[in-house]
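If you count the sequence shown from 1, you need to add 29 to reach our numbering. From the three backbone atoms N, C-alpha and C, an ideal C-beta is built for every residue, glycine too. Here's the structure, in structure tokens; my notes come after.
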Amino acid sequence: MSELLAPAPDAIISASPVSELATRNGLVLPTPSTLTEPLTDSPDGSLTSTLERQVAMATRRAARFATFAEIDNVGPEAIAQIQDDVVHLANAYIHEPLTAIMADLIEEQDTVFRLLEGKQKPALSRDLYLLAGVISGLTSKASQDLGRFHDAMTHARTLYVCADNAEHEGLRAWARGLQSLIAYWAGRPQEAARYARSGSEYAADLTGSVAAWLPALEARAWAQMGMVEEANAALGQAFDRREAHRPDDLDAIGGLFAFSPAKQRYYAAGTYVCLDDEQERAQAEALSALDLFEHGRPEDRSFSDEAGARAELALARVHSSHVDGAREALAPVLALEPERRIGGIITSAGRVHHALRSRRYISSPVARDLREEIESFCRVPAAALPA
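Okay, here's the thing in structure tokens:
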């Protein structure tokens, strides 16, 4: 599987469109051939004649099957093109607004599904199931970002089925992580913790960043429920798995499928900000995340995760009675254009707004102005934009 997800060579990247490649590899199956000599009963209707007729019928069926079995509806070149497209979309997801990539996501998913509904050799089917799982994961995340949690979970279950058919333990674990993420943003932290813990069972022997992502997801969920010991234990496990990290084939995809150190710090901030007396640590983790996003690898810089880290920093500062600092932290988020105002960002900004409604801020003009700015920002989310 690692070979499948390795970067495609230039000759493959410039290959023909998938539809043309699939046609070239035999999308139209041959029609059954007819016998050149008709079978007839012997005059005496003997058992030997009946057996000969049955053998001849079986031979004809075997010949048709052999012709069918030699033809695939997809070949290595087409799969390499799909791989390149999927890797591109996984990386574009964290940099581009949904309006720029959604049509390509849907088209790519349909292409892979159509191929899997056809016929190919088992090894090629496993490759296609892996790619179908990755693209279904992207479509699931897009649905979640648009606030369509039921649709998101449906695509996530499809991702899990594809991972199972591909026999890919890492993608199975990632599917459970995605289900945890969907449940978390849907306001179901108990379910989120359960999915994350289930994913960690698949990730027990994995070294990729998904092994750190799952306990980090679990930590945020426990913290949202006020379960301090469980949250701290999961957070510690996440950092232990980070220490043992060795990149795997999901990390090789990159983008949405890699859990970067910056993103891990953002999750830690989101954990601590929900725990009493941990607001200083929440601010420290959020600032660390922002520093890593700004000075780390450009390909790891996710606009939504960076906005999330800023929102956690703002929330921790509101909890610490530092409203001016909260406004400063949130300013770049509130400047995001509508097409980038995905569900998680809207929800995170809403949490800051909720904290600003505390009685201690009733007479604060800075708090009042920031509440109004957040309300204006949340009025036009990405999900409200025309297709």
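Name the residue from the options whose alpha carbon lies nearest to the alpha carbon of residue i.
{"i": "Ala-161", "options": "Pro-151, Gln-138, Leu-153", "result": "Gln-138"}
{"i": "Arg-226", "options": "Gly-206, Arg-217, Ala-215, Asp-234", "result": "Gly-206"}
{"i": "Tyr-189", "options": "Ala-202, Asp-180, His-179, Val-141", "result": "Ala-202"}
{"i": "Phe-286", "options": "Leu-167, Ala-298, Lys-150", "result": "Leu-167"}
{"i": "Gln-293", "options": "Cys-303, Asp-334, Pro-327", "result": "Asp-334"}
{"i": "Ser-165", "options": "Gln-173, His-184, Phe-178", "result": "His-184"}
{"i": "Val-362", "options": "Leu-342, Glu-247, Val-347", "result": "Leu-342"}
{"i": "Phe-288", "options": "Arg-388, Leu-144, Gly-237, Ala-250", "result": "Gly-237"}
{"i": "Gly-299", "options": "His-274, Asp-280, Arg-330, Leu-264", "result": "Leu-264"}
{"i": "Val-115", "options": "Glu-196, Arg-155, Ile-282, Tyr-390", "result": "Ile-282"}
{"i": "Arg-253", "options": "Gly-216, Tyr-122, Ala-262, Asp-277", "result": "A small correction: the amino acid at residue 253 is Gln; Arg does not occupy that position in the sequence shown. It is Gly-216 whose Cα lies nearest to the Cα of Gln-253."}
{"i": "Glu-258", "options": "Leu-304, Asp-234, Asp-278", "result": "Leu-304"}
{"i": "Ala-109", "options": "Ser-78, Asn-120, Leu-153", "result": "Leu-153"}
{"i": "Pro-327", "options": "Asn-120, Arg-82, Ala-91, Ala-384", "result": "Asn-120"}
Output the boundary residues of the alpha helix (DSSP H) element that contains residue i.
{"i": "Cys-303", "result": "Looking at the DSSP string, Cys-303 is not in any alpha helix (DSSP H), and its letter there is neither H nor E."}
{"i": "Phe-332", "result": "332-348"}
{"i": "Met-254", "result": "Segment: none, Met-254 is in no alpha helix (DSSP H) and carries neither H nor E."}
{"i": "Tyr-390", "result": "That residue, Tyr-390, is in no alpha helix (DSSP H); it is neither H nor E in DSSP."}
{"i": "His-324", "result": "308-324"}
{"i": "Pro-151", "result": "151-174"}
{"i": "Asp-180", "result": "178-195"}
In chain order, what residues of the same chain have a beta carbon less than 7 Å from the beta carbon of residue i, not counting five sequence neighbours either side?
{"i": "Arg-270", "result": "Ala-240, Ala-241, Pro-244"}
{"i": "Glu-220", "result": "Ala-212"}
{"i": "Asp-133", "result": "Leu-118"}
{"i": "Val-381", "result": "Ala-340, Ala-343, Leu-344, Val-347, Ala-355, Leu-359, Ile-403"}
{"i": "Ala-222", "result": "Glu-247, Ala-250, Trp-251"}
Taking only three categories from DSSP, how would you classify residue i?
{"i": "Asn-102", "result": "coil"}
{"i": "Ala-233", "result": "coil"}
{"i": "His-382", "result": "helix"}
{"i": "Gln-293", "result": "helix"}
{"i": "Pro-61", "result": "Confidence in Pro-61 is poor, its pLDDT being 42 and thus under 50, which makes the residue's placement too unreliable to answer from."}
{"i": "Ser-405", "result": "helix"}
{"i": "Gly-147", "result": "coil"}
{"i": "His-124", "result": "coil"}
{"i": "Ser-209", "result": "helix"}
{"i": "Ser-78", "result": "helix"}
{"i": "Leu-418", "result": "Since the first residue of the chain shown is 30 and the last is 416, residue 418 is not available in this structure."}
{"i": "His-274", "result": "coil"}
{"i": "Arg-397", "result": "helix"}
{"i": "Pro-410", "result": "coil"}
{"i": "Ala-129", "result": "helix"}
{"i": "His-117", "result": "helix"}
{"i": "Ala-267", "result": "helix"}
Between residue i and the rest of its own chain, which residues show a CB-CB distance below 6 Å, the 5 nearest in sequence each way excluded?
{"i": "Arg-370", "result": "Pro-410, Ala-411"}
{"i": "Ser-405", "result": "none"}
{"i": "Ser-377", "result": "Gly-337, Ala-340"}
{"i": "Ala-345", "result": "Val-302, Gln-308, Ala-311, Gln-312"}
{"i": "Ala-181", "result": "Ser-169, Ser-172, Gln-173, Ile-211"}
{"i": "Pro-126", "result": "Glu-368, Arg-369"}
Tell me which same chain residues have a C-beta within less than 8 Å of the C-beta of residue i, skipping the five on either side of it?
{"i": "Arg-386", "result": "Arg-400"}
{"i": "Cys-191", "result": "Tyr-158, Leu-159, Ala-161, Gly-162, Ser-165, Leu-200"}
{"i": "Pro-290", "result": "Arg-271, Leu-321, Gly-325"}
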